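Reading through the structure tokens given below for one structure.
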Amino acid sequence: RIGPTFRTSHPLASGPVVQPAPTVDGFVETFLGELNYGQGVLLSQSTVNDQYLALARTVRRYLMADWLETGARRRQAQQKTVAYLSAEYLLGRQLGNNLLATNLQDVADAAMSRCGIDIASLRAQEVEPGLGNGGLGRLAACFVDSLATMDVPCIGYGIRYEYGIFRQTFEGDRQVEVPDSWLSLGSPWEFPHPERQVLVHFGGRTEEVTDENGRVVCRWVPDWNVVGMPYHYMVPGHRNGVVNTLRLWSAKATQAFDLQIFNSGDYAEAVRAQTFAENISKVLYPEDSTPQGKELRLQQQYFFVACSLHDFIDNTLPHDFDLRRLPERLVVQLNDTHPVIAIPELMRILVDRKGFDWDEAWDITKRCFAYTCHTLLPEALEVWSVELLGRLLPRHLEIIYRINEEFLEEVREAFPGDEMLVRRMSVIAEHPERSVRMAYLATVAGSKVNGVAELHSQLLRDKVLPDFSRMWPDKFTNVTNGITPRRFVLLANRRLSDLVTDTIGDGWVTDLDRLRELEPYADDASFRAAFREVKQGNKERLAALLRVRDGLEIPQDSMLDVMVKRLHEYKRQTLKLLHIVSLYDDVVSGRVAAEDLTPRTVVFGAKAAPGYHLAKEIIFLVNAVADTVNADPRVAGRLSVAFPANYNVTLAEKLIPAADLSEQISLAGKEASGTGNMKFALNGALTIGTDDGANVEIRRLVGDDHFFLFGMTEPEVERLRPGYTPSMYYEEDARLRSTIDLLASGHFTGGDRQAVAPVIDNLLHQDAFMALADFRSYLDAQERVEAAYADPDAWSRSAILNVARSGFFSSDRSMRDYLDRIWHA
Ligand code: Z16
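Remember, UniProt numbering sits 32 above the position in the sequence shown when you count from 1.
Structural data, given as structure tokens:
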């Protein structure tokens, strides 16, 4: 701590924190105060950005009393706290969410219009904090929302990247990445806390020394360090007076470091050193589920983990806390392998700094951690070379080795004489280079390991960690992902929310199972008509947005078919592309009359990792097909393709409520869960999907008749895998052949066959995710979609049943499952 905490018995110090009046007058007064005294401008001179910042600071004033009080209550109660450790939080815009949480939407609207301000333009001014890549980061944001709404003590720990996920633009149909300087116009939602900054060490060596009790102990002699500066963000519960904290760390150079170099007279070197330190939290790595093993990324991971554990143990727990009881007060949830270095870090704190003996420290550590795995892709399971880890964190490497030695002894005892097994289970891999398997470390140390959907958890046990699940069957569990209905229904889909609330009351917002009460209304013609009006309204809102945002025209009387998610081969955007080309081909070849085509607008949203070349080729091809199809009068009004750039949470909130059809078409066994699938179902879209991830559970809940299933099952995929020959499907299926030939001909690329070659060659000769094998089945399912869509009453009945039966996918339920199965908090 920098200086002692202020303590006084002065009567004002224990008095209540005062909130501004939640009236239009009170709001106007606070807003003008913020504008004049906070921002330092007159209303008459203010810019939209000034007004946005003042509005944000006004809203946060209404949350402040609850925040301070929640903090005080948590310090008093001394309950078990969930420390959610996540390298990513994909929060989305804060203003709308916080107005919703405080129930100040209408007051704020009225107050702004009294000031002559259009609040919509202020909302549009906010740059969303895009501190995540995709599903994993958005999941973390949904979880902290639910925990606040459920009044569970939780601190979300993470990294305050100066640049979040890049902004995507298209130039000549190709993705170009622009840095996301989300902080540059001001950051009204964050609070720096220099009094809680933490020093983090790196590098150097270890040595053995004799301590004051004559014991030989290990000491880490690091050779450089940085400071972690925490920034706090409010996480309000839904209208319940609770505000939890998200604590994100930013890296700074240490003063001592600076001074030393400044005194040496080398100014340029000092500045360089500062830049070096600050690089650690400079930018989010833009890879979703295929991390590159870069040194800076390991630095980021250790940086935020070391800050977070130190913060909890030394600055959050009472000063005299007996750390033997740590597991009663702390449970650390590891969001994927990114924060797994926390395990040796806690061991180091306990053994090297707090003087515990190894066994006792290990017992405490094991009871504090639990690990969530989010993938099945082998390339996504993080591994750090021993060379790198030993260079950056030599003491942690020693600790990992000792954990592994003792663990492998345990394996030998449980399964005597099986040295192959010992080698397979070792936390240290020997090939292709000696390295640390972070998922294994997490499994050895964690009290629980969970997958994120039933199928995924099963495959995790059977395919990814079979030896571990044989050794510790009870360690493995499932918690199916969820999404927050506050942001993704109430905020994103006001029309649907009002209809639902008018019909069954507003209890569903915090008890999503109550959507079941809508089931009978699926058979009520006037409800169905109202439901269709909601969808139509959302489509119009989307069309208006895309017109100004992207210059795109979305036809109104057409099925809105949406595929939005990161660009990845396993997710199979190319399968969707083949479908579009085959529909187009049907018409231009004269096989199908344009009038017989179901009017359809396909919307894509997807970012590709900047170094993922094939993914970027796929983006190019989608754009090229979109250009050609949209310009061809032969399919005008029947088929169009829109690919708005820079899909993010803000766009998702507009797109998803407008969708009729949700595309969830990954190869079975590859998508751990998916969460977009849940958002669509809850907003009344029907799913066309494979038997993968949480699709399995969605289909089981909504019913087979209200879900368009296609494609191989996971066991079928595995049976087909050996000797899979994609060109065989090309040879044997005339429709597929015609589709691929049209693509390959250069028809969509101004005659340039070279431009399509990377994608076509891959499909015909690799097709690692078997798009060609599922093509036929996908087309058949799309025909079932068209038949169903032709009957608007039956379609809306199905859509209503999707909403009514998807309450299970609330992240409140996910949190209850974590609490019951893992945290026991
Ligand atoms: C990620 O977003 C996911 C997995 C992963 O290993 C790394 C990242 Cl950055 C995704 C999964 O792909 C998705 O299926 C799942 O729904 C999501 O994590 C949340 O669990």
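Glycine residues also receive a C-beta, built at the ideal position from the N, C-alpha and C atoms.
The model shown is predicted, which means the values in this text are computed figures rather than measured ones.
Given 7 Å as the limit, tell me if residue i has its C-beta closer than that to any heavy atom belonging to the ligand Z16.
{"i": "Ser479", "result": "no"}
By Cβ distance, which residues of its chain are closer than 6 Å to residue i, with the 5 residues on each side in sequence left out?
{"i": "Asp724", "result": "Ser698, Ala700, Glu703"}
{"i": "Arg829", "result": "Ala554"}
{"i": "Met457", "result": "Val443, Asp499"}
{"i": "Asn678", "result": "Arg199, Gln200"}
{"i": "Phe742", "result": "Ser809, Tyr810, Ala813"}
{"i": "Glu746", "result": "Ala700, Gly701"}
{"i": "Gly58", "result": "Pro52"}
{"i": "Val620", "result": "Arg666"}
Can you list, in chain order, the residues of its chain with a C-beta nearer than 7 Å to that of residue i? Leave out the 5 residues immediately preceding and following it.
{"i": "Asn655", "result": "Phe202, Asp205, Phe675"}
{"i": "Leu168", "result": "Glu120, Asn367, Asp368, His406"}
{"i": "Val248", "result": "Glu240, Thr242"}
{"i": "Leu528", "result": "Val521, Val566, Pro689, Asn715, Gly716"}
{"i": "residue 32", "result": "There is no way to answer for residue 32, as the model of the chain reaches only from 33 to 857."}
{"i": "Gly236", "result": "Trp252, Val253, Pro254, Asp255, Pro426"}
{"i": "Gln207", "result": "Gln200, Ala640, Lys648, Ile651"}
{"i": "Asp589", "result": "Pro631"}
{"i": "Leu179", "result": "Val114, Cys186, Asn276, Met847"}
Going by other Cβ atoms of all chains shown within 10 Å of its Cβ, with 16 needed for buried, is residue i buried or exposed?
{"i": "Thr242", "result": "exposed"}
{"i": "Thr348", "result": "buried"}
{"i": "Leu473", "result": "buried"}
{"i": "Asp138", "result": "exposed"}
{"i": "Pro54", "result": "exposed"}
{"i": "Pro268", "result": "buried"}
{"i": "Arg361", "result": "buried"}
{"i": "Gln786", "result": "exposed"}
{"i": "Arg666", "result": "exposed"}
{"i": "Ser153", "result": "exposed"}
{"i": "Thr682", "result": "buried"}
{"i": "Ala800", "result": "exposed"}
{"i": "Arg356", "result": "exposed"}
{"i": "Arg604", "result": "buried"}
{"i": "Glu66", "result": "buried"}
{"i": "Gln324", "result": "exposed"}
{"i": "Val80", "result": "exposed"}
{"i": "Lys386", "result": "exposed"}
{"i": "Met266", "result": "buried"}
Tell me which same chain residues have a C-beta within less than 8 Å of the C-beta of residue i, skipping the five on either side of it?
{"i": "Asp480", "result": "With the sequence shown as reference, residue 480 is identified as Lys, and Asp is not the correct amino acid for it. Correct list, in chain order: Ala402, Tyr403, Lys507, Phe508, Thr509, Arg853, Ile854."}
{"i": "Asp384", "result": "Val249, Cys250, Arg251, Trp252, Arg427"}
{"i": "Leu408", "result": "His488, Leu491, Leu492, Lys495, Val496, Gly701, Lys702, Ala704"}
Under 8 Å between C-beta atoms, does residue i make it to chain D?
{"i": "Ile197", "result": "Of the protein chains in the structure, only one exists, and it is not chain D."}
Collect the residues with a C-beta less than 6 Å away from any heavy atom of the ligand Z16 and give them in sequence order along the chain. Here the residues come out as Asn165, Gly166, Gly167, Leu168, Leu171, Asp320, Ser321, Asp368, His406, Thr407, Ala412, Val484, Asn513, Glu703, Ala704, Ser705, Gly706, Thr707, Gly725.
What ranges does the alpha helix (DSSP H) occupy inside the stretch 358-391, keeping only unbroken runs of at least 4 residues that lie completely in it? Complete alpha helix (DSSP H) runs here, min 4: 358-361, 374-380.
What are the start and end residues of each continuous alpha helix (DSSP H) run of 4 or more residues lying completely inside the stretch 512-595, in chain order? Counting only runs that start and end inside the stretch 512-595, the alpha helix (DSSP H) elements of at least 4 residues fall at 526-536, 557-582.
Length-filtered (3 minimum) beta strand (DSSP E) runs lying within the stretch 142-223: As far as the stretch 142-223 is concerned, its whole beta strand (DSSP E) runs of at least 3 residues are 186-191, 199-203, 206-210.
Length-filtered (3 minimum) beta strand (DSSP E) runs lying within the stretch 650-677: Here the runs fully enclosed are 671-674.
Every unbroken beta strand (DSSP E) within the stretch 716-784, with a cutoff of 3 residues, ordered by chain: Counting only runs of 3 or more, we get 718-721.
Ranges of the beta strand (DSSP E) found wholly within the stretch 389-473, counting only runs of at least 3: 401-404, 415-417, 467-469, all fully within the stretch 389-473.
Which parts of the stretch 233-260 are runs of the beta strand (DSSP E), unbroken and 3 residues or longer, counting only runs that do not cross its ends? List check, beta strand (DSSP E) in window: 237-242, 248-253.
Which complete alpha helix (DSSP H) runs does the stretch 34-99 hold, if anything under 4 residues is left out? Qualifying alpha helix (DSSP H) stretches, in chain order: 56-65.
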